[in-house]
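The block underneath contains the structure these notes are about, expressed in structure tokens.
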Amino acid sequence: MATQIDPAPVAGTRPRHVAIIMDGNGRWAKARRLPRVAGHKQGVEAVRRVTRAARDLGLEVLTLYAFSSENWRRPVEEVRDLMGLLRHFLRAEIATLVADNVRLRVIGDYRALSDDLVALIDDALARTAANTGPTLVIALNYGAQAEIAAAARRLATAARNGAIDPAAIDEASVEAELTTHDLPPLDLMIRTSGEQRLSNFLLWQAAYAELLFVDTLWPDFDAATLAEALDIFSRRQRRFGGL
Ligand code: FPP
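Sequential numbering of the sequence shown, starting at 66, is according to my numbering.
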């Protein structure tokens, strides 16, 4: 029996946890003959808009794929631009997150980022930790396979130390080791810009999530696009392996 399964089919409901692969910033910029960074800047505006829309629409958790562990392969200037935008976002948005009672979470190995960014993130996490409203999860230097491998390593270590019985390791044991273990199950995964891949994002958590691929480029994503996605979700029949 897998762990994230809700026994009853759910229809006509609102997702509790939505994740978004924000794609298409580069194409948005290219279509306007602008540098790629202009697309990323508009992408940050979309992050602001959609974070507010998610709260207004009553989502409990919004998880955004901001930087994957594979994104380091991009040109150094682009990585620098993305880190600069993240720095700016954190500085500019922290007061709003606190005021809006939003709890910030980061998944991924963010400690590999520059020292000042790590300090900014730690400060933002600490300042929003006691908030009781919706959770905004930002995936930074995140890779799902690495997350699952880390979980396996911890379980193997516990087994070697005699703390757990290897034969007793099940889906719940693995899930308890994931960085998302205390969040509601992922209901809906959206990818923008027409690409249809999960790109190493929340692979375990997506086991029973509804997948939605939309053509909208991320900088054009707004409250209406999110509301439309939730409407499509509400009309899907989720069977979780049953009939
Ligand atoms: C994909 O567009 C987008 C990214 C790799 C990064 C997403 C980052 C942001 C929206 C900004 C930073 C985030 C926060 C939370 C402040 P792409 O460049 O792959 O687009 P393309 O496929 O059209 O080239």
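Every residue gets a Cβ at the ideal spot worked out from N, C-alpha and C, and that includes glycine.
Closer than 8 Å: residue i CB and nearest the ligand FPP heavy atom
i	result
W130	Inspection of the sequence shows that residue 130 is occupied by Tyr rather than by Trp. Yes, since a heavy atom of the ligand FPP falls inside the 8 Å radius drawn around the Cβ of Y130.
G307	no
R101	yes
I203	yes
M254	no
S41	With the chain running from 66 to 308 in the structure shown, residue 41 is simply not present.
A274	no
L185	no
V167	no
G91	yes
S134	no
G208	no
N151	The residue asked about is misnamed: residue 151 is Leu in this sequence, not Asn. Yes, Cβ of L151 sits closer than 8 Å to a heavy atom of the ligand FPP.
Rounded C-alpha distance that separates residue i from residue j
i	j	result
A157	V141	24 Å
I70	G307	Legend: pLDDT at I70 = 45, less than 50; position of this residue unreliable, no value from coordinates given.
A84	E236	21 Å
V102	D146	7 Å
A119	T244	21 Å
I286	D180	A small correction: the amino acid at residue 286 is Phe; Ile does not occupy that position in the sequence shown. Using only the alpha carbons, I get a separation of about 31 Å.
A217	A232	14 Å
A209	L268	6 Å
E135	G89	16 Å
A224	L185	36 Å
H105	T222	41 Å
F132	Q261	18 Å
E143	G149	10 Å
D174	L182	12 Å
H246	Q270	9 Å
Exposure of residue i, with buried meaning 16 or more beta-carbon neighbours within 10 Å
i	result
A73	Interpretation of A73 is limited by its pLDDT of 46, a score under 50 that renders its predicted location unreliable; the figure taken from the coordinates is listed afterwards. Looking at its Cβ environment, which holds fewer than 16 other Cβ atoms inside 10 Å, A73 is exposed.
S299	exposed
A214	exposed
L99	exposed
L162	buried
E206	Checking the sequence shown, residue 206 turns out to be Asn, not Glu. Buried, by the Cβ-count rule.
D296	exposed
D121	exposed
T13	In this structure the chain extends from 66 to 308, so residue 13 is not present and cannot be described.
A228	exposed
A67	Residue confidence for A67 is low, a pLDDT of 44 falling below 50, so the modelled location carries little weight and cannot support an answer.
A94	buried
L201	buried
T197	exposed
Rounded Cβ spacing between residue i and residue j (contact assumed at less than 8 Å)
i	j	result
I354	S238	Residue 354 lies beyond the residue range present for the chain, which begins at 66 and ends at 308; the question has no answer from this structure.
V126	L248	5 Å
R81	L124	7 Å
L251	I234	Not quite, the Cβ-Cβ distance comes to about 22 Å (not below 8 Å), so this is no contact.
L282	A204	L282 to A204, Cβ: 19 Å. No contact.
P284	G108	5 Å
D230	G259	About 47 Å; that fails the 8 Å criterion.
A189	L155	6 Å
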